[in-house]
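Everything on this sheet refers to the single structure shown next.
Residue numbers (this note's numbering), protein chains in the order written: chain A, -3 to 213; chain B, 545 to 1232.
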């Protein structure tokens, strides 16, 4: 009687691997009995990771089954949040931040570089199946603008040239250092610290207090 | 009881109401789209904004609970401006296609745009367009018109209990969707009613009529035994559509799909003139010839060789007339229980839904015996679901397991489980014992069996054991599937002394002991059991199985074409009214019987409907009290006997095709095919 599947292609299959199912159970256990549906976003993330970066209808329906939800409710969640990809994506998903700080620092050039280099439009997969480019809203690394996120890592302080190199390296399977690409430490000022340069001498009262409170907090 | 001031007037309202409800009580109209009194509050259309003192901005009145000393204003420039603004936003993406929209003329958006909107918009960009969605053969979608109120999503989830409609995407890109599946609900037609715009409309009715050119007739539905109040919209002789009419105690404001959408069956396969079988073939005839053929065949036949069966959709008047006719022919062989249900006509309490449909909301434990309310009476099922949603309801079922849209403890499959329960064994017995207002619902599948009388007695035993029947509460319920059944039992359309019941009539007809059989709209009996020599008179409105077997066909009126009295499963007497005249030579049923009585015997002693209704009241006073529920007398009904161990069957195998009208309906056939129920195995007459 009840509709349990919206799959056009019944050959699609998905179920959690034993490890992922264990992980899913951890998330589900965080909510009181009968409220397991609250874990839907976490489970969709796990499913997306297992399914190669996107959630297929089969994956969505598997999550619904695990959580005992109506499939359409999980479809609602997965279409509401932009972080869930509903179409297959390349091995490297390049998300270019396009919100104001990055945009002012040249995010539009990064997007154009990616598109020209890969010969694809936004949200399209390159022919070799390695790359998909999309624009996203603020990723919260404004001090290092412009930046992109590739899969789980941030690549910051980019120039179009540097991004082009990164794409080449990823295509060749080389390792690329994550974080700022100009050599600066985190979001510290370029060229080294400009303030708090007077490091208190070791053994001073202030340094001791710092180490003392650091652990407690 | 908080006291608040609305537009300068003080009003005291109950706790827990919203500002919008308080405004309504104060007689102030608040425009709204997403708010619906029978659904949960969404608060997303913002049309109901009002000004509240000490609030920096207008508040959504549908989602704001009333508080002591609130000062609400609905007539300020701020409110007017807010409404105009909201309306302008809503209309940004709404197409200007009212002239070709089926909702036009009865559209909330159209009306409220006229009342509260501006006469122009400032939007000059492109409008959004949304692809149409597939929601099955009943609901047509034009999703560009959708204003995202989510009433349909809430209706499906809450009232219908099928979580199959969702709001996919977000913001401007939000789309209502069933993911291209037909909605699997018997209440899906109501989606078109709750939709405040023309996004969801009736697919069969699409582009057939404008609402203002239809004649509206208040009537009663006969496709199930709920007795839903309906409004029949007709144009000329054609019934264009059927809509629900508000009756809080019966159907609230909903209507089941079969009742709503089988009206296209009223125009197909109709019997529009009398037929007489000559040389093995049915040939068109005049009324005189048909009556002549009947007189010829009946003359000299003794009364005990004549029998009559009344069908499931007969009005009380025609059954009364047929009963009186049979009495004048001295025939005791009549039955209105063509499915063979072993109901006891002597104890009204033993064949009614005594709790009442609204009474379900007070029950705290329900035992379903051989009943599938979702198919036998979808609106009763919706009431049980409503009760379930308010919490603290236990439901147990004996019979074929079904998804009823609420959790059900499956106790067993056959009468043995019921016997165990009667003996106080099992977990559910404890539930019933502990319940304050337990009720039992006995379906037709339990009564049509050979041991039906024993099942009925056992159900009575269960009701008595768990104290379901007391002064203030009667928890014994029979769930009928036939709209005519209760009235038939009330007026005694059952075997007289020494008379045969339906089984006896069929046996007698096979053996040649019954020479003439009068079928008043009775199509659900096994016609192949009738002997070849039996003279069958069929009076009815559709060319269904009865007409195929008949020797004389007298064309009658369908329920939309006559004034008639119907008693629903609760015992509520209601009047159906004529919305369109019967086609061709067909006539109102009681007039046919009255005319026939003059030809074959004694003239029936009533000349008009009023006199016939007076006769009904003489026979049983319940027919005098319209639309009321009288507590029915409890009695010693049913007969203890040997129980068959076989599990209970089902009373309704295919929800969409249960009677001549729905079997003739194309829409219903599409629904059945969509849900994989398949075409009815036996010939329906619609195949030519």
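Every residue gets a Cβ at the ideal spot worked out from N, C-alpha and C, and that includes glycine.
What residue does the beta strand (DSSP E) around residue i start on, and which one ends it?
| i | result |
| --- | --- |
| residue 920 of chain B | Here residue 920 of chain B belongs to no beta strand (DSSP E); instead the alpha helix (DSSP H) covers 917 to 920. |
| residue 1110 of chain B | 1108 to 1111 |
| residue 556 of chain B | 553 to 556 |
| residue 762 of chain B | 759 to 764 |
| residue 602 of chain B | No beta strand (DSSP E) contains residue 602 of chain B, which DSSP labels as neither H nor E. |
| residue 127 of chain A | 127 to 132 |
| residue 1120 of chain B | 1117 to 1120 |
I'd like to know if residue i contacts chain B, where contact means its C-beta is closer than 9 Å to some C-beta of that chain.
| i | result |
| --- | --- |
| residue 67 of chain A | yes |
| residue 75 of chain A | yes |
| residue 131 of chain A | no |
| residue 123 of chain A | no |
| residue 72 of chain A | yes |
Considering Cα atoms alone, identify which of the options is closest to residue i.
| i | options | result |
| --- | --- | --- |
| residue 733 of chain B | B:922, B:1144, B:710 | B:922 |
| residue 804 of chain B | B:1194, B:749, B:704 | B:749 |
| residue 1119 of chain B | B:820, B:1108, B:1126, B:1113 | B:1108 |
| residue 76 of chain A | B:555, B:710, B:1176 | B:710 |
| residue 1214 of chain B | B:1099, B:555, B:682, B:662 | B:682 |
| residue 747 of chain B | B:807, B:836, B:1001, B:567 | B:807 |
| residue 978 of chain B | B:669, B:1192, B:937 | B:937 |
| residue 1016 of chain B | B:948, B:899, B:757, B:684 | B:899 |
| residue 1043 of chain B | B:1151, B:878, B:716 | B:878 |
| residue 1198 of chain B | B:918, B:837, B:696, B:930 | B:918 |
| residue 1131 of chain B | B:1156, B:1099, B:1114, B:1160 | B:1099 |
| residue 792 of chain B | B:904, B:967, B:631, B:706 | B:904 |
| residue 171 of chain A | A:187, A:183, A:9, A:151 | A:151 |
| residue 95 of chain A | A:67, A:74, A:131, A:65 | A:131 |
| residue 1066 of chain B | B:858, B:654, B:595 | B:858 |
For residue i, which of helix, strand or coil comes out of DSSP?
| i | result |
| --- | --- |
| residue 58 of chain A | helix |
| residue 16 of chain A | helix |
| residue 903 of chain B | helix |
| residue 846 of chain B | coil |
| residue 233 of chain A | The first residue shown for chain A is -3 and the last is 213, placing residue 233 of chain A beyond what the model contains. |
| residue 877 of chain B | strand |
| residue 1167 of chain B | helix |
| residue 77 of chain A | coil |
| residue 642 of chain B | helix |
| residue 882 of chain B | coil |
| residue 803 of chain B | helix |
| residue 1025 of chain B | coil |
| residue 1079 of chain B | strand |
| residue 1230 of chain B | A caution first: residue 1230 of chain B carries a pLDDT of 46, below 50, which makes its placement in the model unreliable, though a value can still be read off. If DSSP states are grouped into helix, strand and coil, residue 1230 of chain B belongs with coil. |
Between residue i and residue j, how many whole angstroms is the CB-CB distance? I'm expecting something under 8 Å.
| i | j | result |
| --- | --- | --- |
| residue 940 of chain B | residue 955 of chain B | 5 Å |
| residue 606 of chain B | residue 629 of chain B | Between residue 629 of chain B and residue 606 of chain B the Cβ distance is about 17 Å, and since that is not below 8 Å, they are no contact. |
| residue 1004 of chain B | residue 1182 of chain B | 5 Å |
| residue 773 of chain B | residue 794 of chain B | 6 Å |
| residue 1255 of chain B | residue 631 of chain B | Only positions 545 to 1232 of chain B appear in this structure, which leaves residue 1255 of chain B out of reach. |
| residue 50 of chain A | residue 87 of chain A | Wrong, their Cβ atoms sit about 12 Å apart, outside the cutoff. |
| residue 106 of chain A | residue 154 of chain A | 6 Å |
What residue range does the alpha helix (DSSP H) around residue i cover?
| i | result |
| --- | --- |
| residue 634 of chain B | 621 to 636 |
| residue 684 of chain B | No alpha helix (DSSP H) holds residue 684 of chain B; the beta strand (DSSP E) holding it covers 683 to 685. |
| residue 41 of chain A | 36 to 46 |
| residue 145 of chain A | No alpha helix (DSSP H) holds residue 145 of chain A; the beta strand (DSSP E) holding it covers 144 to 146. |
| residue 85 of chain A | Taken as a continuous stretch (DSSP letters only), residue 85 of chain A belongs to no alpha helix (DSSP H), as it is neither H nor E. |
| residue 165 of chain A | 156 to 167 |
| residue 711 of chain B | Run containing residue 711 of chain B: none in the alpha helix (DSSP H); it sits in the beta strand (DSSP E), 710 to 712. |
| residue 1175 of chain B | Note, residue 1175 of chain B: premise wrong, no alpha helix (DSSP H); not H, not E. |
| residue 96 of chain A | 96 to 100 |
For chain A, is any of its Cβ atoms less than 9 Å away from the one on residue i?
| i | result |
| --- | --- |
| residue 709 of chain B | yes |
| residue 553 of chain B | no |
| residue 722 of chain B | yes |
| residue 680 of chain B | no |
| residue 712 of chain B | yes |
| residue 1223 of chain B | Residue placement at residue 1223 of chain B cannot be trusted, given a pLDDT of 49 that sits under 50; what the coordinates show is reported in the next sentence. No - not a single Cβ of chain A is within 9 Å of the one on residue 1223 of chain B. |
Measuring from the CB of residue i, is there a heavy atom of the ligand ATP at a distance below 8 Å?
| i | result |
| --- | --- |
| residue 599 of chain B | Judged by which ligands are present, the structure shown has none, so any question about the ligand ATP falls away. |
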